[in-house]
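A short write-up of the structure that comes next.
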Amino acid sequence: MLQIVLLAGKFAFLIILYLFIYRVVRSSTRELRMSAPGAGKQQWSEAGGTLVPGGGPAAVAATSADSGTWALIVEKSPSVQAGTVFAFPPGVHAIAGRSSDMDIYLDDTFVSSKHALFETTPSGLQVEDLHSTNGTQVNGAEVAGTRLLKVGDRVEVGDTIFKVEVR
Amino acid sequence: MSLRNRELVFLIPALILTTLGFALVYTQKASSLTWTSLTYGALFLVLFVIAHLGRRVLAPKADPYLLPVTALLSTLGLVVLYRLNEDLALKQAMWLVVGLVAFLLVLAFVRDLEVLRRYRYVIGIAGLLLLLVTAVIGREINGARLWVDLGPINFQPAEFGKILLVIFFAAYLVDIREALTVSTRRVLGVPLPPFRYLAPLLTIWALSMALMIFMKDLGTSLLFFGALLALLYVATGRFFYVLVGLVLFFAGATLLYFVFPHVQTRVDIWLDPWQDASGRGYQIVQSLFALAAGGLFGRGLGEGYLTLQSGNTIIPNLETDFIFSAIGEELGLVGAVGIILLYLIFTYRGFRVAVRARDDFSRLLATGLISIFALQAFLIMGGVIKLIPLTGITLPFVSYGGSSIVANFVLLALFLRMSDRAA
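First to last, the sequence lines map onto chains W and G. Counting from 1, position 83 in the first sequence corresponds to residue 83 in our numbering; the numbering is continuous, with no gaps. Counting from 1, position 362 in the second sequence corresponds to residue 362 in our numbering; the numbering is continuous, with no gaps.
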């Protein structure tokens, strides 16, 4: 009787040990996939190579129907792949920052956790610096408060440069 | 499962394993089934839940996997010690409590790693003194001068010295990394940074190496060497330093082999322990027997042939350096590989902390500390299975040893602090 209990215990021990290892590895790799740069909690979903906020079909429809959608194209960035497009259909706003729950997540030492707010207004796309440590620059000039963006403007947030376009 | 509760969720299976382990050993010893062992499981559950709650308050966004893996390794070590010698297990359990207190104190007082960077020279000198102190007032045990007698406690200062020196190296390299990468002159076509930047680094390194050699602590000097190389590589991104380091290492090792008889012994018994199986090779030969007896699934906890009638272990230093052989005999190849996987998980999480670190100092500190940790686990496990020459160091968190377990909990606290900032 005792021998059987000990034998069962021996195998139970090894099985639980490996279950523990399996669970830790699985949970840890899943987290790895979630926190990959450019993905994560960003609520932008991919629609024909363009990232659209919200991700629902309505948002996608809005971009494809309206030819004049403001967009930020990543020119250069240590954390987001160059060429990534963030589209701003009317009525959309997005905050860029180093905190992983930001709409535009920039994993970069020179970016504040909540760095800059991009917002569509009736007169166009506008950027507001959220009192970041290193500031937000448009074409090299510091943004004080808010500033309306023109097509071709270059917005710098830390080491990331966005180009403003209408597409 | 939320990130917040993940740590707690993983702590539970870790402690179920501990309870099961204690139950098996106890049942085997008493030849009857009792519930006594459950109290041990409950005790450690309480201890680690306190650590978890403290971590939750002090470092809310810290890595959720490091603490459960540590809990499993340290309590598994306790199970094996309990099986070998109940008095040792009791002492180790007390050290575990001291370690957890140190863990919480470091988390509470080191809120910002900048403090460590600011006091880098004080820390560097303190680290050096901790190594030096054994040369002056040290006690020699098993041929190595590693211990300092502090009344009832035998304290092993090198365990803490190595953490302090890694902090110093990391902070110092942040200061001089520019100078190291932008070299101004070339010697024999090789870019060399200005000597004044290298001098303090070389001095500290040479001094610690010399100390280690004269105190016959090969393991710790190897750890320093490996950690310093990893740090130099991460700080500069130049493979050249690694190459120079490896050349220096092999040159030094060859020299040591011919100069010091104890180094020669280590290599000889590694190449062929059977030439003197009852003498110099005894320890390693017995370790190989134990591993072979374990087979695939092991003899079962408490059922290995590890101790003599007198209570002494068959393999000398089984409770410290050779604890991996005991695990191999009782849990088999499968269990031993499980332990290696736990170290791999810890190492992977540690490097992840380094990769995600926000500033250069944390990145280098995490790299240095995890290199020491991983190398230590590799060197001792590799040593007891005769993969590499044996160097007497502890298996982190598992081996018996108060200084070792407390120092490793300090290391864990530093990792959780760094991962909290990086989250």
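No residue lacks a Cβ here, since even glycine has one placed at the ideal position from N, Cα and C.
(request) Please classify residue 76 (chain W): does DSSP put it in a helix, a strand, or coil? (result) strand
(request) Taking residue 13 (chain W) as the query, report the chain G residues whose CB atoms sit under 8 Å from its CB, ordered along the chain. (result) Going along chain G in sequence order, the residues near residue 13 (chain W) (Cβ under 8 Å) are 17, 20, 21, 24, 301, 331 and 335.
(request) Take residue 153 (chain W) and list the residues in its own chain whose beta-carbon comes closer than 7 Å to its own, dropping the five residues that flank it on each side. (result) For residue 153 (chain W), the CB contacts under 7 Å within the same chain, skipping 5 residues up- and downstream, are 138, 139 and 164 in chain order.
(request) Classify residue 360 (chain G) as helix, strand or coil using the three-state DSSP reduction. (result) helix
(request) Could you check what DSSP says for residue 227 (chain G) in three-state terms: helix, strand or coil? (result) Three-state result, residue 227 (chain G): helix.
(message) Please identify the residue among W:19, W:121 and W:74 whose C-alpha is closest to the C-alpha of residue 91 (chain W).
(response) Out of W:19, W:121 and W:74, W:121 has the C-alpha closest to the C-alpha of residue 91 (chain W).
(request) On a CA-only basis, which of W:77, W:4, W:30 and W:119 is nearest residue 69 (chain W)? Give me that one, please. (result) Closest by alpha carbon: W:119.
(request) Taking 9 Å as the cut-off, decide whether the C-beta atoms of residue 363 (chain G) and residue 234 (chain G) are in contact. (result) yes
(request) Determine the DSSP secondary structure at residue 161 (chain G), reduced to helix, strand or coil. (result) In this structure, residue 161 (chain G) counts as helix in the three-state DSSP scheme.
(message) Restricting to Cα atoms, I'd like to know which of G:50, G:348 and G:86 is closest to residue 426 (chain G).
(response) Examination of residue 426 (chain G) is not possible in this model, given that chain G is present from 1 through 423 alone.
(request) Kindly indicate which three-state DSSP category residue 136 (chain G) falls into: helix, strand or coil? (result) helix
(request) Using a threshold of 9 Å, state whether the C-beta atoms of residue 107 (chain W) and residue 100 (chain W) are closer than that. (result) yes
(request) List the whole-angstrom C-beta distance separating residue 219 (chain G) from residue 391 (chain G), where the pair is believed to meet the contact cut-off of C-beta under 8 Å. (result) Taking C-beta atoms under 8 Å as the contact rule, residue 219 (chain G) and residue 391 (chain G) qualify, at a distance of about 4 Å.
(message) Considering only the alpha carbon of each residue, which of G:303, G:51 and G:368 lies closest to residue 82 (chain G)?
(response) Residue G:303 is the option with its Cα nearest to residue 82 (chain G).
(request) Grab me the residues of residue 16 (chain G)'s own chain with a C-beta within less than 8 Å of its C-beta, minus the 5 sequence neighbours each way, in chain order. (result) 41
(request) Assuming residue 107 (chain G) contacts residue 421 (chain G) (C-beta within less than 8 Å), just tell me the rounded distance between them. (result) Not a contact, Cβ separation roughly 12 Å.
(request) Throw me the rounded Cβ distance for the residue 96 (chain W) and residue 143 (chain W) pair, which I believe falls under 8 Å. (result) Incorrect: roughly 12 Å between the Cβ atoms, too far for contact.
(message) Does the CB of residue 72 (chain G) have a neighbour CB from chain W at under 9 Å?
(response) Yes, its Cβ sits closer than 9 Å to a Cβ of chain W.
(request) Could you tell me whether the Cβ atoms of residue 171 (chain G) and residue 116 (chain G) are closer together than 9 Å? (result) yes
(request) State the CB to CB distance for the pair residue 241 (chain G) and residue 229 (chain G), rounded to an integer number of angstroms; the pair is presumed to be in contact (CB under 8 Å). (result) Between the beta-carbon of residue 241 (chain G) and that of residue 229 (chain G) there is about 7 Å, and that keeps the pair under the 8 Å contact cut.
(message) Taking only three categories from DSSP, how would you classify residue 241 (chain G)?
(response) helix
(message) With the cut-off set at 9 Å, would you say residue 399 (chain G) and residue 319 (chain G) are in Cβ contact?
(response) yes
(request) Mind checking the stretch 88-114 of chain W against chain G and listing, in chain order, the residues whose C-beta falls within less than 9 Å of any C-beta there? (result) Residues of the stretch 88-114 of chain W that bring their beta carbon within less than 9 Å of a beta carbon in chain G comprise 98, 100, 107 and 109, in sequence order.
(request) Check each residue of the stretch 263-281 of chain G: if its Cβ is closer than 8 Å to any Cβ of chain W, include it; give the result in chain order. (result) none
(request) For residue 252 (chain G), return the contacting residues in chain W, with the cut-off set at a CB-CB distance below 7 Å. (result) By Cβ distance, chain W contributes nothing, its closest Cβ being about 37 Å from residue 252 (chain G), past 7 Å.
(request) Per DSSP, which residues does residue 87 (chain W) bridge with? Please list them. (result) W:71
(message) Quick check on DSSP: helix, strand or coil for residue 52 (chain G)?
(response) helix
(message) Out of G:354, G:283, G:365 and G:18, which one is the CA nearest neighbour of residue 48 (chain G)?
(response) G:18
(request) Please classify residue 76 (chain W): is it buried, with 16 or more other beta-carbons within 10 angstroms of its beta-carbon, or exposed? (result) exposed
(request) Measure how close the beta-carbons of residue 296 (chain G) and residue 329 (chain G) come, nearest whole angstrom, since I'm counting them as under 8 Å. (result) Taking the Cβ atoms as the reference, residue 296 (chain G) lies roughly 12 Å from residue 329 (chain G), outside the contact range of under 8 Å.
(request) For residue 396 (chain G), decide whether its Cβ has a neighbour in chain W, counting only Cβ atoms nearer than 9 Å. (result) no
(message) Against residue 27 (chain W), what residues of chain G qualify as contacts under a CB-to-CB distance less than 7 Å, listed in chain order?
(response) 6
(request) Given a cut-off of 9 Å, decide if residue 50 (chain G) and residue 130 (chain G) are closer than it, judged by their beta-carbon atoms. (result) no
(request) Determine whether the Cβ of residue 27 (chain G) lies closer than 9 Å to any Cβ atom of chain W. (result) True, the Cβ-Cβ gap to chain W drops below 9 Å.
(message) Suppose contacts are defined by Cβ-Cβ distances below 9 Å. Is residue 333 (chain G) in contact with residue 281 (chain G) by that definition?
(response) no
(request) Output yes or no for whether 9 Å exceeds the beta carbon distance between residue 68 (chain G) and residue 104 (chain G). (result) no
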